[in-house]
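Respectively, the protein sequence lines represent chains C and R.
Per our numbering, the very first residue in the first sequence carries number 1; after that it's consecutive.
Per our numbering, the very first residue in the second sequence carries number 641; after that it's consecutive.
Remarks on the structure that follows.
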Amino acid sequence: MEAAIMNDNIMRVALTGNPNTGKSTIFNEITGARQKIGNWPGVTVDKKEGHVTYGGKEIHVIDLPGTYSVNARSPEEKIVIDFLQEQKMDLVVDVIDSSNIERNLFLTVQLLEKGIPMVLDLNMQDEAKRRGVKIDIKKLEKILGYPVIVTVARDGSSIKNLLHVFTSISMESYGPTERLNEHIAKIQEIENSGLEGMELQEAIIKQRYAFIDSIMDEAVEVTNAGTSFTEKVDSVLANGVLALPLFLAILYGVFQITFEWIGQPIADALDDFIAGDFTDWVAGALEGAEVADWMQALILDGIIGGVGSVLVFVPLIFILFFCLSFLDGTGYMARVAFIMDPIMRRAGLSGKSVMPLMMGFGCGVPSIMGARALDNEKDRILSILAAPFLTCGAKLPIMALFAAMFFPEDATNVVFAMYIVGVVMAIVSTKLLTAAKYKDETATFLLELPPYRMPDMKTVLLETWDKGKGYLVKAGTIIFAGCIIIWFLGAFNFDGMVEEQSESFLASIGAVVGALFTFHGFGNWEAGAAVISGILAKESVVSTIGVLYGLPDVSAEAEDAIETAEALGATGMAAAFTSLSALAFMVFSQLYTPCVTALGTIKKETNSWKMMFFAAGYMFALAWVVSLIVYQVGRLLGFE
Amino acid sequence: MATYIIGAVILALFVMATRHVINNYRSGKHDCCGTDCSGGCNCGCGGHK
Chain C
1 MEAAIMNDNI MRVALTGNPN TGKSTIFNEI TGARQKIGNW PGVTVDKKEG
51 HVTYGGKEIH VIDLPGTYSV NARSPEEKIV IDFLQEQKMD LVVDVIDSSN
101 IERNLFLTVQ LLEKGIPMVL DLNMQDEAKR RGVKIDIKKL EKILGYPVIV
151 TVARDGSSIK NLLHVFTSIS MESYGPTERL NEHIAKIQEI ENSGLEGMEL
201 QEAIIKQRYA FIDSIMDEAV EVTNAGTSFT EKVDSVLANG VLALPLFLAI
251 LYGVFQITFE WIGQPIADAL DDFIAGDFTD WVAGALEGAE VADWMQALIL
301 DGIIGGVGSV LVFVPLIFIL FFCLSFLDGT GYMARVAFIM DPIMRRAGLS
351 GKSVMPLMMG FGCGVPSIMG ARALDNEKDR ILSILAAPFL TCGAKLPIMA
401 LFAAMFFPED ATNVVFAMYI VGVVMAIVST KLLTAAKYKD ETATFLLELP
451 PYRMPDMKTV LLETWDKGKG YLVKAGTIIF AGCIIIWFLG AFNFDGMVEE
501 QSESFLASIG AVVGALFTFH GFGNWEAGAA VISGILAKES VVSTIGVLYG
551 LPDVSAEAED AIETAEALGA TGMAAAFTSL SALAFMVFSQ LYTPCVTALG
601 TIKKETNSWK MMFFAAGYMF ALAWVVSLIV YQVGRLLGFE
Chain R
641 MATYIIGAVI LALFVMATRH VINNYRSGKH DCCGTDCSGG CNCGCGGHK
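Following this line, the structure appears as structure tokens:
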């Protein structure tokens, strides 16, 4: 670990506490965008650092991972205790959920036993008041001997007070009381009593809770133990027969916002701008500068057509992530894990897998990596193989493009259906693999449900930006490079530049893959090329289509464009697919081989090339079969 | 002349983009997974080694 920087004008503050105590909200409120996120050495746990200047002092804040205890059993616990014992911090702030003070005090008392001086921050006071929890701050200070402050993380004045405390408090004037010392002595007595293993742990925990109970009796009063707001809402949203339909309704609402009400109009405007004014301006400038025709084609068709077709959908990704971050901030996403748990368990997947799998809606990579937290090999492998079926942000442009082009009236419903297809196939695939290879019992799932609360908008926006910005970076890097390669492959063959793309290298390669989809309704070389490029990055499916067919028109008039194209027998995306073959293509794209980054992560997490190639082949085969069924059954039912 | 200048700029951008992808691969970074996993996960995808 790095050495502490001690300087009169720089102070270092560490935030510690249980998960879901509003610690990250405090960190975000204090540091804003002035954050640096890395990793704790040797482990893949986020290390968040930020800074702020207040009262002429530069304050460096470190947000430690949330833990319930510091027994060094998990990487997070080890990080917290090692950090607090080894680093010389100017101040340690223990953020406590006031509404859940009894449980939170377990960590507080444990840290005090280890001789770590700290400021107790009773956060979420608003929630505590609602739940009738009244804490006597003076008594708490008197019992423990350390300063206690009160905050509501989202309240600006609370944060100001906190910063004031950071810069004005002198910890030297605080220390353990006689009563705390007595408790610590009792703990040491138990440790030296000769007890071992579970017996020793039980005796320590019993003593710790006896001390916490005495604090609760004297300093905490619960005046209203009636049904809380969270319990009332949970009785509808998380329990009983309505839980799953309500979850689907909420998810549908998110899609309606993303694809109909806010996202699509922005995408349309962006599409109009990139395909219209911007392209015209660049074309005029290139023409004026007498740039060679092939270079003009590279820029207009290859780069603007390809990268532009992905950029058009980036606002949708941001809006979707905003909605999901907002829901997460309310506490609802934890309920989703709870609702999905019985379904997952029936499929043979541990309930614990639900949380990492849910991250798959953002990106498959953290979802695959999250599986390492699972208890046994079987759960890890099943979770890793299920994650890529979910609709990650990179697949969203594919779904949005095809839905807008071929199902303009029902775009939201079709995209929503694709998300459901992903979830269902993750479950079906797990069931298949469980039946074929992994037949063990699943592990028990313990999940803490945080109280419902109004999300902090700053935190939601920061999270949205954090998750969404990567797609902008990808558009400027891997998609940009991919578009140039695709354009060259589509413009040249061994004889030089081609007149028709159908004579190009790309057509030859794409035709081989395209032939696999003859009975899927999209057995053309363009679709084959898009499928290949999608293994590089899923957005490349759309950028390749953009390079080959030009920037697609996803506006409300798209339906007319399709009809016109069909009537004229024109080439292009509208003529290359029917509604049914577009649907089959969407299903295939949803399910087939994950991108190289996800494949690399599978290799890394399983430490097995065999597993990586199995995942690539298995998912391709499953996608091929399901897509074929969709197309052929659709035809039998009379769809085109 | 303009063709050469624009070609050089595109080539430079292409090299930078490719280097970014290769560096990401080598360091195990992933652009699209963000740096913070809400929901209390410990995937630590923001620049893990």
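The beta-carbon is built from N, C-alpha and C at its ideal position, and this holds for glycine as well.
Partner residues on chain A for residue i, Cβ-Cβ distance less than 8 Å
i: valine 307/C; result: Reference to chain A is not applicable here, since the protein chains of this structure are C and R.
Test item: CB-CB of residue i and residue j under 7 Å
i: aspartate 94/C; j: leucine 120/C; result: yes
i: glycine 514/C; j: tyrosine 631/C; result: no
i: aspartate 97/C; j: threonine 21/C; result: yes
i: leucine 163/C; j: tyrosine 54/C; result: yes
i: alanine 289/C; j: alanine 642/R; result: yes
i: valine 336/C; j: phenylalanine 247/C; result: yes
i: phenylalanine 416/C; j: phenylalanine 255/C; result: yes
i: leucine 320/C; j: lysine 352/C; result: no
i: isoleucine 204/C; j: isoleucine 184/C; result: no
i: proline 315/C; j: valine 542/C; result: no
i: valine 52/C; j: threonine 31/C; result: yes
i: serine 157/C; j: glutamate 127/C; result: no
i: valine 421/C; j: alanine 403/C; result: no
i: glycine 364/C; j: threonine 434/C; result: no
i: glycine 468/C; j: phenylalanine 318/C; result: yes
i: glycine 144/C; j: leucine 91/C; result: In the sequence on display, residue 144/C carries leucine and not glycine. No.
Residue range of the alpha helix (DSSP H) that includes residue i
i: glutamate 12/C; result: Glutamate is not the amino acid found at residue 12/C; the sequence shown has arginine there. Looking at the DSSP string, arginine 12/C is not in any alpha helix (DSSP H); the run it does join, the beta strand (DSSP E), is 10 to 17.
i: aspartate 63/C; result: Where aspartate 63/C is concerned, there is no enclosing alpha helix (DSSP H), although the beta strand (DSSP E) it sits in stretches over 57 to 63.
i: isoleucine 135/C; result: First-last for isoleucine 135/C: 133 to 135, but that is the beta strand (DSSP E), not the alpha helix (DSSP H).
i: methionine 333/C; result: 332 to 347
i: leucine 248/C; result: 243 to 255
i: lysine 23/C; result: 23 to 31
i: proline 75/C; result: 75 to 86
i: asparagine 664/R; result: 642 to 667
i: leucine 311/C; result: 305 to 311
i: valine 512/C; result: 505 to 514
i: lysine 114/C; result: Segment: none, lysine 114/C is in no alpha helix (DSSP H) and carries neither H nor E.
i: alanine 292/C; result: Note, alanine 292/C: premise wrong, no alpha helix (DSSP H); not H, not E.
i: valine 542/C; result: 539 to 549
i: phenylalanine 519/C; result: Element bounds for phenylalanine 519/C: n/a, residue is neither H nor E.
i: lysine 232/C; result: 229 to 237
i: valine 70/C; result: Segment: none, valine 70/C is in no alpha helix (DSSP H) and carries neither H nor E.
i: serine 367/C; result: 364 to 370
Top-ranked residue by Cα proximity to residue i, from the options
i: threonine 391/C; options: Thr606/C, Leu144/C, Pro594/C; result: Pro594/C
i: proline 65/C; options: Gln296/C, Val52/C, Leu84/C, Val312/C; result: Leu84/C
i: glutamine 501/C; options: Gly302/C, Asp410/C, Ile427/C, Glu29/C; result: Gly302/C
i: phenylalanine 588/C; options: Gly528/C, Ile205/C, Ser608/C, Ala576/C; result: Gly528/C
i: threonine 108/C; options: Val133/C, Gln125/C, Glu127/C, Asn71/C; result: Asn71/C
i: isoleucine 339/C; options: Leu242/C, Asp272/C, Ile304/C, Gly306/C; result: Leu242/C
i: alanine 411/C; options: Trp281/C, Gly263/C, Ser325/C; result: Gly263/C
i: tyrosine 452/C; options: Asp155/C, Ala238/C, Glu76/C; result: Ala238/C
i: leucine 506/C; options: Cys483/C, Thr518/C, Phe519/C; result: Cys483/C
i: valine 424/C; options: Glu29/C, Val626/C, Gln296/C; result: Val626/C
i: threonine 117/C; options: Met171/C, Lys129/C, Ala386/C; result: Reading the sequence as shown, one finds proline at residue 117/C and not threonine. Ranking Met171/C, Lys129/C, Ala386/C by Cα distance to proline 117/C puts Met171/C first.
i: alanine 334/C; options: Pro450/C, Ser508/C, Trp609/C; result: Pro450/C
i: glutamate 218/C; options: Glu141/C, Ile304/C, Leu286/C, Gly132/C; result: Glu141/C
Residue i classed as buried or exposed, judged by whether at least 16 other C-beta atoms fall within 10 angstroms
i: phenylalanine 613/C; result: exposed
i: alanine 615/C; result: buried
i: phenylalanine 322/C; result: buried
i: glycine 56/C; result: exposed
i: aspartate 456/C; result: buried
i: glycine 253/C; result: exposed
i: phenylalanine 641/C; result: Beyond the ends of chain C as shown, which are 1 and 640, falls residue 641/C; an answer cannot be given.
i: valine 61/C; result: buried
i: serine 581/C; result: buried
i: alanine 400/C; result: buried
i: arginine 659/R; result: exposed
i: tryptophan 487/C; result: buried
Residue span of the beta strand (DSSP E) that contains residue i, given as start and end
i: isoleucine 149/C; result: 148 to 150
i: aspartate 121/C; result: 119 to 123
i: aspartate 97/C; result: 91 to 97
Cβ-heavy atom distance, residue i to the ligand ATP, below 6 Å
i: isoleucine 215/C; result: This structure simply doesn't include the ligand ATP, nor any ligand for that matter.
Report task. Only counting runs of 4 or more residues, tell me where the alpha helix (DSSP H) segments fall wholly within the region 162 to 221 of chain C, in order along the chain. Result -> 178 to 191, 197 to 219
Query raised in the report: Hey, which unbroken runs of the alpha helix (DSSP H) at 4 residues or more fall wholly within the region 557 to 638 of chain C?
Result: 558 to 568, 573 to 576, 579 to 591, 596 to 606, 609 to 636
Requested in this report: Return the chain-ordered ranges of every alpha helix (DSSP H) run that is complete within the region 376 to 451 of chain C and spans a minimum of 4 residues.
Outcome: 377 to 386, 396 to 406, 411 to 436
Requested in this report: Can you check the region 477 to 503 of chain C for any beta strand (DSSP E) of at least 3 residues that lies completely inside it and give the ranges in chain order?
Outcome: none
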